[in-house]
Every structure is written in C-alpha cells, then in structure tokens.
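S.K.: Take a look at this one; I'll ask things after.
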Amino acid sequence: MRVVITGGSGLIGRKLAAELAAAGYEVVVLSRRPQEAQPALPAGVQVAAWDGRSAEGWAVWADGAHAIVNLAGSNIAQGRWTPERKQAILQSRLSAGYAVVQAVQQAAHKPQVVIQASATGYYGPRGDEIITGESAAGADFLARVCVEWERSSAKVAEMGVRHVVIRTGMVLSQEGGAFPKIVAPFRFFLGGPLGNGRQWYPWIHIMDEVGAIRYLIESDRALGAFNLVAPSPVTARDFARLLGEAMERPATVPVPAVIMQLMFGEMATILLHGQRAIPQRLQELGFRFQYPRLEEALRALLT
Numbered sequence: 171m172r173v174v175i176t177g178g179s180g181l182i183g184r185k186l187a188a189e190l191a192a193a194g195y196e197v198v199v200l201s202r203r204p205q206e207a208q209p210a211l212p213a214g215v216q217v218a219a220w221d222g223r224s225a226e227g228w229a230v231w232a233d234g235a236h237a238i239v240n241l242a243g244s245n246i247a248q249g250r251w252t253p254e255r256k257q258a259i260l261q262s263r264l265s266a267g268y269a270v271v272q273a274v275q276q277a278a279h280k281p282q283v284v285i286q287a288s289a290t291g292y293y294g295p296r297g298d299e300i301i302t303g304e305s306a307a308g309a310d311f312l313a314r315v316c317v318e319w320e321r322s323s324a325k326v327a328e329m330g331v332r333h334v335v336i337r338t339g340m341v342l343s344q345e346g347g348a349f350p351k352i353v354a355p356f357r358f359f360l361g362g363p364l365g366n367g368r369q370w371y372p373w374i375h376i377m378d379e380v381g382a383i384r385y386l387i388e389s390d391r392a393l394g395a396f397n398l399v400a401p402s403p404v405t406a407r408d409f410a411r412l413l414g415e416a417m418e419r420p421a422t423v424p425v426p427a428v429i430m431q432l433m434f435g436e437m438a439t440i441l442l443h444g445q446r447a448i449p450q451r452l453q454e455l456g457f458r459f460q461y462p463r464l465e466e467a468l469r470a471l472l473t
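In our numbering, the protein residues as written are 171 to 473.
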C-alpha cells in the first residue's frame, strides 16, 4: 500500500516515512527540493517533485494510494511574524491543502484517508481549561491559521475519503523542532521556565507522534480531529524542573515574558501561552502511548 507524504522532509515527515517504510508501505515523499530531500530519507523511500501549490506532476502517486498525509507548511518559528511572514505561513498551508484536494479529485482510485496536519494552537490561549478534540477554536493568529489549514483539504470528505485532522503539540526529538533549543541553556546551567511558568505545554515524543499518525491511517474508525499530545500535559515550570532533573542541572533561571516578547514579538505567544490539551479521542480509539509521562520521554531522549 502506498502513502504519499507532503512536507516529508521535515522532522515529523522524515520519521513517519521511516516508520511506514519499515512496516512495508510504499512511501512517496513530495518535496520542492527533491535532490536535497532524498539523502535525509531512508532507503526505499521515493521522492517526487512538486511545487507546493498544485497537483501537477504528482497526482499519479495519489491515484490508488492508501493515504495522503499533508504535513506541508512554512516553519512558524522561522523569523519574526511580520505581515509578510504571516501571509507566507498561512498561504503555504492553504496551497498545500488545495493541492491535495486537486490530486484526490483527479484520482480514478481515490485514497482511503487524508491525514491533515494542524496544531494545538487551534485552540488559542485557554489557561487551565482541559482541551479535547471537540473543544472550540481560539481567535488569535495561530488559531485562525489552524482553522483555515484544516478546512483547506476538508473537501475530500465529499468524495468519500476519510478526513482526519491531527492537532499536534510540541514534538520532542533530539533531531529537530523546539527540544534541542530548549535543552541548550540547561547544558550551561542557565535553564529555567519561560514567562510565569504557569502556561501548559502539550507535548508528545516523536515516536508517539509517528505511531499515532500510522494508527490513524490504519484505523477505519478514525474520523475528524484528534489531539496528538501525551496524556500528561505539564506546566512550563514543571517541564523545566523535570528537564533539569533529567540533565542533573538547575532550573532556576526564568526568562521573563517581556524579554521573550522583545526577542520574538508576537511569535512569543507560542511559548508564553499554551493549552492543557489531552488525547481523549485518540485514547478512546485504542492508541497506546510508548511515552505517556514526561519523565519517561526525557529519559529516552537524553540517554
């Protein structure tokens, strides 16, 4: 069975491609720079060129595929959120979603499922409220992006294709994402919580992230939105404390919110405001986490 992955050269895409290829799937990764993407992917994974905004050149791979996993989108943590940057963040996601719809429309044999990426930022800042996959959307910039992102490929449901949305939290991996940046100051005894430390961090180990995506591909009962987060969210203060303990380093140097805002502008909201999201629907479906607790995840990542 074939799985087509857009955004497959990113952290989640690379790990997902490896997981699926090892399980015997035919994996095709779409990339705007295929010659650069190929060396970072495991043997046996095919790379096809695409422009990030249309089905031209790759619709043939969608025809007869078991699944399309749409992870494509400009990195939200790359540069300050100027008006131009905000537009690029949104448009890159919408263009990829529309391209997926085009490819499914052209396919004589349609995929069984489209997995659409999103993020827990969908919910916006929510304080201590417990957030499930059925909670309402927020109203800040990231929430508005996520709402449109999810809608961009939703039309595949009208064609009889399962549409599954994955609202991912902070993915923990030594190979990329936020985790190496968070760890760095702790190595020099400069670690501590960001802001007041009371904001919630919905996190997930990279192996649970790709395991959950595979589970949702393979489960015919999976439909709609799922929070891809560990079942034990923690506050920023507890995250820093547990990371310090795992590294045998202090976690006593907080970074004030005003400094974060001066450094990153509006983008600081990602780290200063979180969501107490839980994977209720995912667990009800039967998925079991390898790393349900942060202590276990940190131990696996740091040893």
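Beta carbons: idealized from backbone N, C-alpha and C, even for Gly.
Note that the structure is a prediction, hence the values are computed from the model and not measured.
#1: Which residues mark the beginning and the end of the alpha helix (DSSP H) in which F349 is found?
#2: Should G180 go down as buried or exposed, given a rule of 16 or more other Cβ atoms within 10 Å for buried?
#3: Rounded to whole angstroms, what is the Cα-Cα separation between R337 and Y385?
#4: I need the straight-line Cα distance from E436 to I352, nearest angstrom please.
#5: Just the C-alpha distance for V199 and A218, rounded to the nearest angstrom, thanks.
#6: Below 7 angstroms CB to CB, which residues in the same chain sit around F356 once its five sequence neighbours on both sides are set aside?
#7: With three or more beta-carbon pairs closer than 8 angstroms as the criterion, would you say the stretch 236-244 touches the stretch 205-212?
#8: Would you mind stating whether V331 and K256 have Cβ atoms separated by less than 8 angstroms?
#9: Fully enclosed by the stretch 352-421, which alpha helix (DSSP H) runs are 4 residues long or longer?
#10: Tell me the rounded alpha-carbon separation between M482 and G194.
#11: Select from L468, V423, Y293, E388 the residue whose C-alpha is nearest the C-alpha of R446.
#12: By the three-class DSSP mapping on this structure, what secondary structure does T252 have?
#13: Who pairs with N240 in a beta bridge, going by DSSP?
#14: What's the gap between the Cα of D233 and the Cα of V274?
#15: Any idea what DSSP makes of L472, helix, strand or coil?
#16: Since I believe F459 is in contact with P403 (beta carbons under 8 angstroms), could you give me their beta-carbon distance rounded to a whole number of angstroms?
#17: Take P363 as the anchor and find which of H443, K185, G339, E379 has the nearest alpha-carbon.
#18: Which residue wins for smallest C-alpha separation from W373, given the options Q272, G347, A392?
#19: Return the CA-CA distance between A354 and L472, expressed in angstroms with no decimal places.
#20: Thinking V335 and A269 are a contact (beta carbons under 8 angstroms), I'd like their distance in whole angstroms, please.
#21: Output the distance between the C-alpha atoms of K504 and H333, rounded to the nearest integer angstrom.
#22: Within 10 Å of its beta-carbon, does G339 have 16 or more other beta-carbons around it, so buried, or fewer, so exposed?
#23: I need the straight-line Cα distance from E320 to A427, nearest angstrom please.
#24: Please report how far the alpha carbon of A327 lies from the alpha carbon of A421, in whole angstroms.
#25: Helix, strand or coil: which one does DSSP assign to E304?
#26: What residues in its chain sit with their C-beta under 7 angstroms from that of S265, if we drop five residues either side in the sequence?
#27: I'd like to check one pair, I383 with I285: are the Cβ atoms closer than 8 angstroms?
#28: Beta-carbon within less than 7 angstroms of L186's beta-carbon, same chain only, minus the 5 sequence neighbours each way: which residues are those?
M.R.: According to the data block:
#1: Against the sequence shown, residue 349 aligns to sequence position 179. Taken as a continuous stretch (DSSP letters only), the alpha helix (DSSP H) holding F349 covers 349-357.
#2: Along the sequence shown, read from residue 1 onward, the residue named residue 180 stands at position 10. Classification for G180: buried.
#3: One-based indexing of the sequence shown puts residue 337 at position 167. One-based indexing of the sequence shown puts residue 385 at position 215. Roughly 15 angstroms separates the two Cα atoms.
#4: For the purposes of this step, residue 436 is taken as the residue at position 266 of the sequence shown. For the purposes of this step, residue 352 is taken as the residue at position 182 of the sequence shown. Spanning the two alpha carbons is a distance of roughly 19 angstroms.
#5: Along the sequence shown, one-based indexing puts residue 199 at 29. Along the sequence shown, one-based indexing puts residue 218 at 48. If I take the Cα positions, the gap works out to 6 angstroms.
#6: Along the sequence shown, read from residue 1 onward, the residue named residue 356 stands at position 186. Contacts found: L413, G414, M417, R419.
#7: no
#8: Here residue 331 refers to the residue found at position 161 when the sequence shown is read from its first residue. Here residue 256 refers to the residue found at position 86 when the sequence shown is read from its first residue. Cβ atoms of V331 and K256: not closer than 8 angstroms.
#9: 376-388, 406-417
#10: Because the chain here runs from 171 to 473, residue 482 falls outside it and cannot be looked at.
#11: Residue 446 sits at position 276 when you count from the first residue of the sequence shown. Answer by Cα proximity: Y293.
#12: Position 82 of the sequence shown, counting from 1, holds the residue named residue 252. Reduced to three states, the DSSP call for T252 is coil.
#13: Taking the sequence shown and counting its residues from 1, the one referred to as residue 240 is at position 70. DSSP lists T176, Q286 as partners of N240.
#14: Here residue 233 refers to the residue found at position 63 when the sequence shown is read from its first residue. Here residue 274 refers to the residue found at position 104 when the sequence shown is read from its first residue. When rounded, the distance between both Cα atoms is 7 angstroms.
#15: Counted from its first residue, the sequence shown places residue 472 at position 302. L472: helix per DSSP, three-state reduction.
#16: If you number the sequence shown from 1, residue 403 lands on position 233. If you number the sequence shown from 1, residue 459 lands on position 289. Contact flag wrong, Cβ pair sits at about 13 angstroms.
#17: For the purposes of this step, residue 363 is taken as the residue at position 193 of the sequence shown. If we check each option's Cα against that of P363, H443 comes out closest.
#18: For the purposes of this step, residue 373 is identified with residue 203 of the sequence shown, where counting begins at 1. The option with the nearest alpha carbon to W373 is G347.
#19: Taking the sequence shown and counting its residues from 1, the one referred to as residue 354 is at position 184. Taking the sequence shown and counting its residues from 1, the one referred to as residue 472 is at position 302. Going from the Cα of A354 to the Cα of L472 covers about 12 angstroms.
#20: Taking the sequence shown and counting its residues from 1, one reaches residue 335 at position 165. Taking the sequence shown and counting its residues from 1, one reaches residue 269 at position 99. Actually they are not in contact, since the Cβ atoms of V335 and A269 sit about 17 angstroms apart, beyond 8 angstroms.
#21: Summary: the structure shown does not reach residue 504, with the chain confined to residues 171 through 473, and so no result is reported for it.
#22: Within the sequence shown, residue 339 is the residue found at index 169, counting from 1. It counts as buried.
#23: Position 150 of the sequence shown holds residue 320. Position 257 of the sequence shown holds residue 427. Approximately 30 angstroms, taken between the alpha carbons.
#24: As a working note, residue 327 is residue 157 in the sequence shown. As a working note, residue 421 is residue 251 in the sequence shown. Approximately 47 angstroms, taken between the alpha carbons.
#25: Along the sequence shown, one-based indexing puts residue 304 at 134. Coil.
#26: Walking along the sequence shown from the start, residue 265 turns up at place 95. Result list for S265: G222, R223, in chain order.
#27: Residue 285 sits at position 115 when you count from the first residue of the sequence shown. Residue 383 sits at position 213 when you count from the first residue of the sequence shown. The answer is yes: Cβ separation under 8 angstroms.
#28: For the purposes of this step, residue 186 is taken as residue 16 along the sequence shown, with counting starting at 1. Once the five neighbours on either side are set aside, the close Cβ partners of L186 are I175, V239, V380, I383.
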